[in-house]
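These notes concern the structure reproduced below.
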Amino acid sequence: MNRSLTICAAALAVVVACFAQNQPIPVPPTAKPPQPAPAAPGATHLTLPEAEQMALKQNPKISQAQYQARAYGEVVSEFRSAYFPTVAGNITAVGADDGSRLAAGALNNPVLYSRVGTGVTLSQLITDFGRTPSLVQSASLGAQAQQQALNFTRSDIVLQTDGAYLGVLRSRTELAVAKETVQNRQLVTDQVQALFQSKLKSSLDLTFAKVNLADAQLLLSAAENNVRSAEAELARVLGLPANTSFALVDPAMREQPPGDSNSYVQQALQKRPDLLQRRLEVRSSQEFATAEGRLTRPSVGLFGSAGYVPAGVTQVPGTFGAVGVNLNIPVFNGGLYRARRYEADARAAAAEQGLHDLELQIRRDVRVAWLNANNAYERLGLTQQLLDQAKLALDLSQTRYRLGLSSIVELSQSQLQYTSAEIAQASARYDYEAQQSFLQYQAGLLH
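Everything in the sequence shown is counted per the working numbering, starting at -4 for the first residue and increasing by one.
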């Protein structure tokens, strides 16, 4: 309200002054949104989709997630190996007191003979009454969960790429604003310098003009540093050297999000990779709990051994072979199996509660992202209005200052407000695009 009254009063004063001096009334030009500063020659040309694809190919986090998923896939093979026989070759040489027996350290007392023997042994699990299938299923679900973790990493990399890409464009736009501000304030300073030398303006006017110029130069220095920092961040995400320069294409403006966030929430509950990963992990932990509950069941195994004895005492035959079946029945182990079962059940219950908590978080995060995207869209129009008003105020204050109707303080304030409005408008454009990407990410649509 105060700014509007100030602008109206300034406009009225300019109109009165123009009538008094028989001059035409100035019509302020429409404020144009600032555009990004051009890239350096030889820069890498990229569009946003090209940057996303490059990041998905070259970012080390993608390779890291792929190797982790591959490692979890091998766990399935580890548990599945119990379905197949185990065969081992043996070469044994023994020097003993022939005919002696082991008398301590074990219940059995096999006869010992000096010999050199070779052979193979075989063992095969016949059944453990469902424990191994449960372990295999648990590992398989864990491997599927890691695939979803890989998808989540891909979504995260795309989000980082969008943010870094838009950050470069935002910083370049602010750099263009800073350069324009320095040029305009240098022009005002030169004009005030000439008027001061002609004794038409005071030293205070010249001092204010120089202060404003110095402030613009500080803004330019910070903007140049921000551009270099933003390019370094984009290069990191893309897996390129930090000193890489980019020529980026400004993406097309996306439409305003729908008027209801429920559709995004439902898509997130169906497609979010981290949520799908957590669901698979819950099922994996439940299968593992089932497997641990079957520890008390017996297991049946087949064992065999055969070989040749090239050297030995006469009591040891030249060849040997045997096959047998063993039934292992757990009787007592100090409560170990019971504790393992209870531990697995508790972990599965905790994972299930963690899943429920994640669903609640996702509902909240999607809602907040939708609100932020809509607010960013509204800021586009508001910042454009602010820029138009600031441009009008600057033109009026410049006219009033040239006519001697205001002081340098009013002009300085108008310059500061116009620069601030330009930066706000430039930020609003890319903030909206960033919020849109974040909303797509929260809804599980960014991949």
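Cβ coordinates follow ideal geometry from the N, Cα and C atoms, glycine included.
May I ask which residues mark the beginning and end of the alpha helix (DSSP H) holding residue i?
| i | result |
| --- | --- |
| Ala171 | Arg126 to Gln192 |
| Gln515 | In this structure the chain extends from -4 to 442, so residue 515 is not present and cannot be described. |
| Gly288 | Pro268 to Gly288 |
| Thr454 | This structure cannot speak to residue 454, because the chain is shown only from -4 to 442. |
| Thr202 | Ser198 to Leu233 |
| Ser72 | Pro55 to Arg75 |
I need the straight-line Cα distance from residue i to residue j, nearest angstrom please.
| i | j | result |
| --- | --- | --- |
| Phe14 | Tyr372 | Confidence at Phe14 is low in this model, with a pLDDT of 38, below 50, so the placement of that residue should be treated as unreliable; the coordinate-derived value is given next. Approximately 42 Å between the Cα atoms of the pair. |
| Asn321 | Arg292 | 14 Å |
| Gly296 | Gly125 | 14 Å |
| Gln192 | Leu411 | 26 Å |
| Tyr337 | Pro325 | 17 Å |
| Ile121 | Ser294 | 8 Å |
| Met49 | Thr42 | 11 Å |
| Val71 | Leu102 | 38 Å |
| Gln430 | Asn207 | 34 Å |
| Val9 | Thr184 | Low confidence applies here, because Val9 scores a pLDDT of 41, under 50, leaving its location unreliable; read the following figure in that light. If I take the Cα positions, the gap works out to 22 Å. |
| Val163 | Thr81 | 59 Å |
| Leu51 | Tyr160 | 14 Å |
| Tyr436 | Arg274 | 19 Å |
| Ala438 | Arg362 | 10 Å |
| Gln132 | Pro31 | 54 Å |
| Tyr332 | Ala286 | 11 Å |
| Leu130 | Val311 | 43 Å |
| Leu270 | Asp123 | 34 Å |
| Arg443 | Glu282 | The structure shown does not extend to residue 443, since the chain is modelled only from -4 to 442, so the question has no answer here. |
| Ala230 | Glu347 | 40 Å |
| Gln384 | Ser198 | 30 Å |
| Asp93 | Leu107 | 6 Å |
| Thr394 | Tyr413 | 15 Å |
| Asn370 | Asp255 | 14 Å |
| Leu214 | Ala419 | 14 Å |
| Gln119 | Val232 | 50 Å |
| Asp210 | Ala38 | 30 Å |
| Gly68 | Thr378 | 52 Å |
| Leu201 | Val177 | 16 Å |
| Phe79 | Val304 | 28 Å |
| Arg110 | Gly319 | 24 Å |
| Ser407 | Val222 | 27 Å |
State the CB to CB distance for the pair residue i and residue j, rounded to an integer number of angstroms; the pair is presumed to be in contact (CB under 8 Å).
| i | j | result |
| --- | --- | --- |
| Thr168 | Ala421 | 4 Å |
| Ser409 | Leu441 | About 42 Å; that fails the 8 Å criterion. |
| Gly302 | Phe315 | 6 Å |
| Phe241 | Glu226 | 6 Å |
| Ile403 | Phe147 | Wrong, their Cβ atoms sit about 57 Å apart, outside the cutoff. |
| Ala423 | Leu375 | 5 Å |
| Val172 | Glu417 | 5 Å |
| Leu434 | Ala368 | 5 Å |
| Tyr425 | Arg165 | 4 Å |
| Gly90 | Glu276 | Their Cβ separation, rounded to whole angstroms, is 55 Å, which puts Gly90 and Glu276 out of contact at 8 Å. |
| Gly349 | Gln53 | So it is not a contact: roughly 33 Å between Cβ atoms. |
Since residue i sits in a beta bridge, which residues does DSSP pair it with?
| i | result |
| --- | --- |
| Gln119 | Leu297 |
| Arg110 | Val89 and Gly307 |
| Thr291 | None, per the DSSP bridge assignment. |
| Ala83 | Thr116 |
| Gly302 | Gly114 and Phe315 |
| Arg96 | Val106 |
Here's the rule I'm using: 16 or more other beta-carbon atoms within 10 Å means buried, otherwise exposed. How should residue i be labelled?
| i | result |
| --- | --- |
| Glu47 | buried |
| Pro268 | buried |
| Gly288 | buried |
| Ile357 | buried |
| Thr127 | buried |
| Ala189 | exposed |
| Ala341 | exposed |
| Tyr62 | exposed |
| Ser224 | exposed |
| Tyr427 | buried |
| Arg149 | buried |
| Ile152 | buried |
| Val260 | buried |
| Asp352 | exposed |
| Thr156 | buried |
| Ser95 | exposed |
| Pro29 | buried |
| Ser58 | exposed |
Just to confirm the assignment, what range does the beta strand (DSSP E) spanning residue i have?
| i | result |
| --- | --- |
| Val318 | Thr314 to Asn323 |
| Leu243 | Phe241 to Leu243 |
| Leu41 | Thr39 to Leu41 |
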